[in-house]
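S.K.:
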Amino acid sequence: MNAYEKKRQVGKGTYGIVYLGADKITGDSVALKRINTEQEENGFPITAIREVKILKALNHPNVVILKEIVTSKDSGKVPKMCSWFSNIWNTT
């Protein structure tokens, strides 16, 4: 998680929180999705596994590109990194 800088929250839902961030090396804008695993009895939520599988399979200009998945032991939450498209949300 040290490779990315979290800037601000841009969305929140039942399964996680999305932040606007930046790659510390390239400066590229990214979406950082922190998945809430506290509700899961068996660890990683099946919905998150489905989302990762779909994002890996898709290649379309209107769909974010999954860059990296990072796990941590921070309060049962798993941050997930996706590329950020500035045309989806205003980044200013």
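The working numbering puts the first residue of the sequence shown at 102, with every later residue one more than the last.
Glycine is no exception: its CB is placed at the ideal position from the N, C-alpha and C atoms.
1) Just curious, the alpha helix (DSSP H) that Lys154 is in, first and last residue?
2) To which residues of the same chain is Asn160 closer than 7 Å at the C-beta, ignoring the five residues directly before and after it?
3) Per DSSP, Ala104 forms a beta bridge with which residues?
4) So, with DSSP's three-state summary, where would you put Gly112?
5) Can you have a look at Arg135 and say buried or exposed, based on whether 16 or more other CB atoms are within 10 angstroms of its CB?
6) Can you tell me where the beta strand (DSSP E) with Asn143 in it begins and where it stops?
7) Is it buried or exposed, Ala132, if we count other Cβ atoms within 10 angstroms and call 16 or more buried?
8) Span of the beta strand (DSSP E) holding Val119?
9) Tell me, to the nearest whole angstrom, how far the beta carbon of Lys113 is from that of Leu121; I am working on the premise that it is less than 8 Å.
M.R.: To lay it out plainly:
1) Taking the sequence shown and counting its residues from 1, the one referred to as residue 154 is at position 53. 147-158 is the span of the alpha helix (DSSP H), which, as asked, contains Lys154.
2) On the sequence shown, residue 160 is found 59 positions in, with the first residue counted as 1. Within the same chain, Asn160 has no close Cβ partners at all.
3) Taking the first residue of the sequence shown as position 1, residue 104 is located at position 3. Its beta-bridge partners do not exist; DSSP assigns none.
4) What you label residue 112 is simply residue 11 of the sequence shown in a count that begins at 1. DSSP places Gly112 in strand when its eight states are reduced to three.
5) Mapped onto the sequence shown, residue 135 falls at position 34. Classification for Arg135: buried.
6) Counting from 1 along the sequence shown, the entry for residue 143 is found at position 42. Counting along the chain, Asn143 falls outside any beta strand (DSSP E), and DSSP gives it neither H nor E.
7) Indexing the sequence shown from 1 puts residue 132 at position 31. So Ala132 ends up on the buried side.
8) If you number the sequence shown from 1, residue 119 lands on position 18. From DSSP, the beta strand (DSSP E) with Val119 extends over 117-124.
9) As a first step, residue 113 must be located in the sequence shown, where it is residue number 12. As a first step, residue 121 must be located in the sequence shown, where it is residue number 20. That pair is no contact at about 13 Å.
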